[in-house]
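Reading through the structure tokens given below for one structure.
Numbering (my numbering), first residue to last: 2 to 305.
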């Protein structure tokens, strides 16, 4: 294996924390991976990795070498990409992670148009509510609603989505319709959404003037998935808060009722996240641009 490929292999082992995971990711035999790293350490005269039966630890020398590898590999990729870019049509497999609701309502209905525009791109869509480590799992980009946090990714905001507070028509018949925030404390329940990070139920949020107000209502059901959250609200188990696009049909046919329309929750950003890279692949660039187009058509300037 030449030096450039050895550097790529070493960088992938550091990023994945495992010889086996790197071998699987690069479709290499485990024996080849082990032999290549031993030969690399011999050539450099330094131990880069300390290996045990359970994990791989990067030495101080290994960390320094990894930093150099990342810079050199990025330069090589950039040089090659600059020569190819003018002649290459965007192509290849693109791995995208997004919620099931965004896939169903925003992305999938318009995919025929995207694939017709870029016939040499293949999409691998992952849908779910769990946290995805883009680098470790080899995902090209993720579409998220809400504060993405400081996760070391590049973020491009593509829409701002209004939220509303709702309950099912059956819930309103049984518990009444609150006219002010104080009314929520009088016999009302919430469907509790458990934060994936803290595992604690999140309060309902409202914007009063320019200030946020949190109200923690009692609730009999706690969920940590978006589909379950919506299903519980539909079943009349309590009050919940959603982006408007998620429940537009239920509002239109009367299955859901908006509560406190003059005191809405804070709006949520919709963001495309992808790993920082000096040269964005053409297939990723055109997909992100297409998502921006789709969001503008679907949600408009205010995300609705």
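In this text, a Cβ means the ideal position worked out from N, Cα and C, and glycines have one as well.
Practice problem: Name, in chain order, the residues that DSSP records as bridge partners for residue 240. | Solution: By 1-based counting over the chain shown, the position of residue 240 is 239. Paired residue(s): 191.
Quiz item: Is the beta carbon of residue 112 sitting closer than 8 Å to the one on residue 273?
Solution: Within the chain shown, the letter at position 111 stands for residue 112. Within the chain shown, the letter at position 272 stands for residue 273. Cβ distance not < 8 Å, so residue 112 and residue 273 don't count as in contact.
Practice problem: Starting from the Cα of residue 291, find the closest Cα among 171, 159, 222 and 280 and give me that residue. | Solution: For the purposes of this step, residue 291 is identified with residue 290 of the chain shown, where counting begins at 1. It is 159.
Self-check item: Between the CA atoms of residue 16 and residue 187 - distance to the nearest angstrom
Solution: Residue numbering aside, residue 187 sits at position 186 when the chain shown is read from its first letter. Residue numbering aside, residue 16 sits at position 15 when the chain shown is read from its first letter. Each residue's alpha carbon lies about 52 Å from the other.
Self-check item: Three-state class that DSSP yields for residue 235 in the structure shown
Solution: On the chain shown, residue 235 is found 234 positions in, with the first residue counted as 1. In the structure shown, residue 235 sits in a helix (DSSP, three-state: H, G or I).
Practice problem: Specify the secondary structure class of residue 207 as computed by DSSP and reduced to three states. | Solution: Stepping through the chain shown from its first residue, residue 207 is reached at position 206. Residue state, collapsed to three classes: strand.
Self-check item: Close Cβ partners of residue 56 (< 8 Å) along its chain, the five nearest in sequence each way excluded
Solution: For the purposes of this step, residue 56 is identified with residue 55 of the chain shown, where counting begins at 1. Contacts found: 18 and 19.
Quiz item: Nearest to residue 81 by alpha carbon, out of 202, 45 and 283?
Solution: Reading the chain shown from its first residue, position 80 is the one you call residue 81. The residue with the shortest Cα to Cα distance from residue 81 is 283.
Quiz item: If you run the structure through DSSP and keep just helix, strand and coil, what is residue 118?
Solution: On the chain shown, residue 118 is found 117 positions in, with the first residue counted as 1. DSSP places residue 118 in helix when its eight states are reduced to three.
Quiz item: Going by Cα to Cα distance, which pick from 109, 193, 204 and 276 is closest to residue 237?
Solution: Taking the first residue of the chain shown as 1, we reach residue 237 at position 236. Of 109, 193, 204 and 276, the residue nearest in Cα terms is 193.
Exercise. Excluding the 5 residues preceding and the 5 following residue 296 in the sequence, name in chain order all residues of the same chain whose CB lies nearer than 8 Å to its CB.
Key: Position 295 of the chain shown, counting from 1, holds the residue named residue 296. The answer, listed in chain order, is 107, 159, 160, 271 and 304.
Self-check item: Same chain, Cβ closer than 7 Å to residue 219, five either side skipped, listed in chain order
Solution: Residue mapping note: residue 219 aligns to position 218 of the chain shown, counting from 1. Cβ within range, chain order: 190.
Quiz item: Nearest-angstrom Cα distance between residue 225 and residue 7?
Solution: The residue given as residue 225 occupies position 224 in the chain shown. The residue given as residue 7 occupies position 6 in the chain shown. In a straight line, the C-alpha of residue 225 is about 42 Å away from that of residue 7.
Quiz item: Applying the criterion that 16 or more other CB atoms from any shown protein chain within 10 Å of the CB defines a buried residue, is residue 87 buried or exposed?
Solution: To locate residue 87, count along the chain shown from 1; it is residue 86. Per-residue confidence for residue 87 stands at a pLDDT of 45, beneath the threshold of 50, marking its modelled position as unreliable; the derived number appears in the next sentence. Sixteen is the threshold: since fewer than 16 other Cβ atoms of the shown chains lie within 10 Å of the Cβ of residue 87, the residue is exposed.
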